[in-house]
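Protein chains in written order, with the working numbering: chain V, 1 to 156; chain R, 1 to 758.
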């Protein structure tokens, strides 16, 4: 799978997650995803500003968007690996397409493709939750994010 | 005021923007203190990079050619000629040094301006800030426009960093280019917590409205420029100095740096509170402000030490938001800081001005004029705010004597810290010692020094007492103006008070250092002259006690009194508070506290008239009782002049005492007014008596009888007598009024304190 295509899918998935879990961050999403693909670690650090002259800084909850991007990347990587296992001879372009379709099963105009199994969805939920927790997203938001990932894959 | 009314008043918020901002003056003082320290540093560096021996050789030659310092002390013309010769000879050297130092100051300012100008660009780059456009968040941009209209500020350029976590805003920029930066986190609060978003943005817009951006960033730019252009180049020049010199320079420089740093932080903290209050005073308020302040992040807080922070603690900010009254309480540290800067900067300015301005006292006045009005402004605004609040709340005013003592203590500490006390930044060693020997003038000792614990104690007491009285005078003016003119008077009368207090503090500073730095040095010489005159007069007529003769006739007292700013400054002491008699009442129903200007005028006029009669009686007695041969002698004429002057001066003392006793309010200003009127009439009587004496034989003193009738004294003499009598007389009238007030307080068991203070 080429990196740019994968990034496109990750951004696409993450935007959907942000729209569902933290819609107030949508205005930031474009800039944040661009920065994320340049240097993920920098965006994930979420640095607070310092005490500046004439500044007024209030501590607020951490951004969801960087976590959503990282979770989306992890899930997409997981799905690519899963699909590669089941269709080893398929070209990477086809696998990308399959992953994309998995997240857009309700919008595709073509023949519906088989979805993920219940076990695979559970694994996706587990992977997403684990990553969100690693990034210190509060538990309720981490749950919501993982649920959203699974929800977007489960739509029949 | 009934308890109910008091409670109602308590609920009303008092507008802290009714007065000009005191932080404007504090910023100016900060700038001046940085410039003052720079002047010292440049002076020091100048000596390090120039040929000291050449300069000393020129100075040696000039001093020798000008002649002994004290030659002609008794003859002003000769003295002035000697001074003029010396200045002319040293002009080349001084101008070269002045150009060098001014050039360095210019470079410092230029660097500061460049830093100030490029700072916004740097902030944009460093903060990865990009314009926030309608494309990014249309609702947010529209709302920001709305907030700008509400806050009454032109829309700045809103920029943002979408990646910045936390909900933060930041106002910055330069003249003609204002920015407000928003973090990505803050933009998200627009959707999740509109009140918090509104509070943060209104706070930043309040910084723009309060004019904080230019002051803050220019001060900071100047600070960095000072470190780079003044402090760093000075350090390597110390390598060839002795350990003691290095220590003396280093600790003072370090203290200065710390002082400026802490003052800067204090001013910035004050600006935050004012921005909060401004934001909360908007037409729709800022309901989320208290909540936002409560959630302020603590990053960047240094060691938990409040002085090191550029923001006040959330607790302090909340307290100020809930109780605006806190902003009206005069602060001790502000007064202390004003005192420190006053002396710290004053000395450096005198050094610089003396390179160009060769008048004996001009440099002192000019230096005082540059710094004292700003120090006075800080104190006046603090005191007026306190009095304003007490008037509005009908509450007791906290004692302001502490402010006076803080100002006085700052004055002394600033003098102690002054780098000027390190041999004026001039070279040290054997050659300068030899030069001092030739000049034969004892070196000027610092006001605060080892002598302070001995005979020099008086120099420590004078500023403390004087500045304490100065603050109490400001309080009196504020009280009477606000009581008679009401809160509406606060804005414009407060500005007048700044001007008046600035003038008084300027004159006082000039006189204090004139007395300390110059006149004390020549006191032994003038004392010899005056004592000789006293003894000579004593051979032909009665002279009274020696101390009285010295007080009236000592050239130093005459010199001080005859400086033209002295009499106007004394006049301001009574004129400003009593001018409130013209103030319109705050409300028809409110009683206007009464003043007794007519009574004081009457007392002054009666005293003056009495003096006139006494002068004529004196002339008649001299004409009839003293032989013409004695009357023609210079010593007798001098003695007669002394009697006349004493009488005119005594008139002011008597008038002041009587008026202070019979005017039940504002005793001291009424006393000073009466003394002034009595003094003016006394001077007129003295001068017109001369004319009368030339026309009325029984009152004539000279041999020519009425042949010169009518003879009028010359303008120069009129001016000299006026300043001498009214200058010295006003000082004594002030002492008399203070004493009378103290006596009245003792006699009435301090009951007066319940009424308006004076």
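C-beta: ideal position from N, C-alpha, C; glycine also.
Legend entry - Buried or exposed (CB count within 10 angstroms, at least 16 for buried), residue 42 of chain V: exposed
Inset, instruction - Tell me, please, whether the CB atom of residue 5 of chain R is closer than 8 Å to any CB atom in chain V? - result: For residue 5 of chain R, the pLDDT reaches just 43, beneath the cut-off of 50, and the residue's location in the model is therefore unreliable, although a value from the coordinates is still provided. Closer than 8 Å: no.
Legend entry - Length of the line joining the Cα atoms of residue 465 of chain R and residue 275 of chain R: 37 Å
Legend entry - Residue-chain proximity (residue 168 of chain R, chain V), Cβ-Cβ < 8 Å: yes
Inset, instruction - Using the DSSP secondary-structure output, state which residues sit across from residue 179 of chain R in a beta bridge. - result: R:157 and R:172
Inset, instruction - Return the CA-CA distance between residue 583 of chain R and residue 36 of chain R, expressed in angstroms with no decimal places. - result: 40 Å
Legend entry - Nearest-angstrom Cα separation, counted from residue 40 of chain R out to residue 424 of chain R: Residue placement at residue 424 of chain R is poorly supported in this model, since its pLDDT is 45, which falls under 50; the coordinates still yield a value, given next. Computed Cα separation, rounded: 8 Å.
Inset, instruction - Put residue 539 of chain R into one of helix, strand or coil per three-state DSSP. - result: coil
Inset, instruction - With 8 Å as the C-beta to C-beta threshold (strictly closer), list the residues of the stretch 50-67 of chain V near chain R in chain order. - result: 50, 51, 52, 53, 54, 55, 56, 57, 58, 59, 60, 62 and 63
Inset, instruction - Under 8 Å Cβ to Cβ from residue 67 of chain R, same chain only, skipping five residues before and after it: list those, please. - result: 82 and 85
Inset, instruction - Would you kindly check if the distance between the Cβ of residue 396 of chain R and the Cβ of residue 669 of chain R is under 8 Å? - result: no
Inset, instruction - Could you check how far apart the C-beta atoms of residue 98 of chain R and residue 356 of chain R are, in whole angstroms? I think they sit under 8 Å. - result: 6 Å
Inset, instruction - Look at the Cβ atom of residue 159 of chain R, then the Cβ atom of residue 208 of chain R, and state whether they are nearer than 8 Å. - result: no
Inset, instruction - Give the DSSP-derived three-state secondary structure of residue 361 of chain R in the structure shown. - result: coil
Inset, instruction - Would you give the residue range spanned by the alpha helix (DSSP H) that residue 37 of chain V belongs to? - result: 26-38
Inset, instruction - Please go through the same chain and pick out, in chain order, the residues whose beta-carbon is closer than 7 Å to the beta-carbon of residue 72 of chain V, but skip the five residues on each side of it. - result: 10, 13, 14 and 17
Inset, instruction - Using three-state DSSP, classify residue 23 of chain R as helix, strand or coil. - result: helix
Inset, instruction - In the DSSP assignment, find the alpha helix (DSSP H) that holds residue 653 of chain R and state where it starts and stops. - result: 634-662
Inset, instruction - Identify, in the order they occur along the chain, each residue of the same chain with its Cβ nearer than 6 Å to the Cβ of residue 1 of chain R, setting aside the five sequence neighbours on each side. - result: Reliability of the predicted coordinates at residue 1 of chain R is poor, the pLDDT of 40 falling under 50, and the value obtained from them is presented with this limitation in mind. 394, listed in sequence order.
Inset, instruction - List the whole-angstrom C-beta distance separating residue 375 of chain R from residue 349 of chain R, where the pair is believed to meet the contact cut-off of C-beta under 8 Å. - result: Not confirmed; about 13 Å, so no contact.
Inset, instruction - List the endpoints of the continuous beta strand (DSSP E) containing residue 56 of chain V. - result: 55-58
Inset, instruction - Could you please give the first and the last residue of the uninterrupted alpha helix (DSSP H) stretch that includes residue 508 of chain R? - result: 489-513
Inset, instruction - Starting from residue 70 of chain V, trace the alpha helix (DSSP H) both ways and give me its first and last residue. - result: 65-86
Legend entry - Cβ pair count under 8 Å reaching 3, the stretch 597-609 of chain R against the stretch 673-688 of chain R: yes
Inset, instruction - Ignore the nearest five residues each way along the sequence and tell me which others in residue 609 of chain R's own chain have a CB closer than 7 Å to its CB. - result: 681
Inset, instruction - Output, in sequence order along the chain, the residues in the stretch 31-43 of chain V whose CB is closer than 7 Å to any CB in chain R. - result: 31, 32, 35 and 43
Inset, instruction - Note down, in chain order, each residue of its chain lying with its Cβ closer than 7 Å to the Cβ of residue 292 of chain R, except the 5 sequence neighbours on either side. - result: 196, 199 and 200
Inset, instruction - Work out the CA separation of residue 491 of chain R and residue 181 of chain R for me, nearest whole Å. - result: 34 Å
Inset, instruction - Give a yes or no on contact between the stretch 68-82 of chain V and the stretch 124-143 of chain V, applying the rule of three or more CB pairs nearer than 8 Å. - result: yes
Inset, instruction - Could you list the residues in the stretch 184-217 of chain R with a C-beta less than 7 Å from some C-beta on chain V, going in chain order? - result: 184, 185, 187, 188, 189, 191, 192, 196, 200, 203, 204, 207, 212, 213 and 216
Legend entry - Nearest-angstrom Cα separation, counted from residue 651 of chain R out to residue 691 of chain R: 21 Å
Legend entry - Cutoff 8 Å: residue 28 of chain V Cβ touching any chain R Cβ: yes
Legend entry - Nearest-angstrom Cα separation, counted from residue 364 of chain R out to residue 371 of chain R: 11 Å
Legend entry - Option nearest residue 382 of chain R by Cα separation, candidates R:329, R:13 and R:346: R:329
Legend entry - Straight-line Cα distance separating residue 362 of chain R from residue 233 of chain R: 31 Å
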